[in-house]
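Data block below; observations after.
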Amino acid sequence: MLEQILCIDDDPITLMLCKKVISKSEFSNEIITAQNGEEALHHFNTLKYTNNKNKVNKKPELIFLDLNMPVMGGWEFLDHFTSPDYAEFNKVNVIVLSSTIDPEDLAKAKKYPIIIDFLSKPITQPMLEYLKKKIDF
1 MLEQILCIDD DPITLMLCKK VISKSEFSNE IITAQNGEEA LHHFNTLKYT NNKNKVNKKP
61 ELIFLDLNMP VMGGWEFLDH FTSPDYAEFN KVNVIVLSST IDPEDLAKAK KYPIIIDFLS
121 KPITQPMLEY LKKKIDF
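Residue 41 in our numbering sits at position 41 of the sequence shown, and the numbers go up by one each step.
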């Protein structure tokens, strides 16, 4: 079981569904959410710059990422997240979870080594079982 995962999606129903399905399948102990890429980067900046000795700041072990969001979409998030500014987090695997199955998006996803899969919404228990085997935990 993963310790913590981050779901980035602008749709509150999708986020609620992710939390429910992930909790039921014992995929992760903790599920945190962000409504767009900017909010997610803010979370990582907080982890990076908070020097709180009493509280251990956990970083997500996996990110479920939507591509089409207002403020900052998935591709823009990935461009920032894979930059040297976030080098300490560049080992976090990303699963693109999108309603689009555009061949251009699939091709673009291959350019980001941290993207380990591209799945279509909504998240399901069989999908998580598949990911458990793929991630090997």
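Ideal Cβ positions, reconstructed from N, Cα and C, are used throughout, including at glycine. Quick caveat: nothing in here was measured; it's all calculated off a predicted structure.
Can you grab the Cα-Cα spacing for the pair residue i / residue j, in whole Å?
{"i": "Asp9", "j": "Leu65", "result": "7 Å"}
{"i": "Val71", "j": "Glu38", "result": "7 Å"}
{"i": "Gln35", "j": "Gln4", "result": "17 Å"}
{"i": "Ile95", "j": "Thr50", "result": "27 Å"}
{"i": "Met69", "j": "Phe77", "result": "10 Å"}
{"i": "Lys111", "j": "Glu104", "result": "11 Å"}
{"i": "Lys59", "j": "Asp102", "result": "30 Å"}
{"i": "Tyr86", "j": "His43", "result": "12 Å"}
Within a Cβ cutoff of 6 Å, which residues of the same chain sit near residue i, ignoring the five residues on either side of it in sequence?
{"i": "Ile22", "result": "Ser28, Ile31"}
{"i": "Leu128", "result": "Ser25, Phe27"}
Which same chain residues end up closer than 8 Å to residue i when comparing Cβ atoms and leaving out the 5 residues on each side of it in sequence?
{"i": "Thr33", "result": "Leu6, Cys7, Ile8, Asp9, Leu15, Cys18, Lys19"}
So, at 7 Å on beta carbons, what are the nonlocal neighbours of residue i in its own chain, with the 5 sequence-adjacent residues on each side left out?
{"i": "Lys91", "result": "none"}
{"i": "Ser120", "result": "Ser98, Ser99, Ile101"}
Report yes if the C-beta distance between residue i and residue j is below 7 Å; otherwise report no.
{"i": "Leu47", "j": "Leu2", "result": "no"}
{"i": "Phe118", "j": "Leu131", "result": "no"}
Pick out whichever of the options has its Cα sitting closest to the Cα of residue i.
{"i": "Asp136", "options": "Ile116, Leu67, Phe44", "result": "Ile116"}
{"i": "Pro84", "options": "Asn45, Asp11, Lys108, Pro126", "result": "Asn45"}
{"i": "Phe81", "options": "Leu67, Asp11, Leu41", "result": "Leu41"}
7 Å is my cut-off, CB to CB: does residue i come that close to chain D?
{"i": "Pro70", "result": "This model lacks chain D altogether; it includes just one protein chain."}
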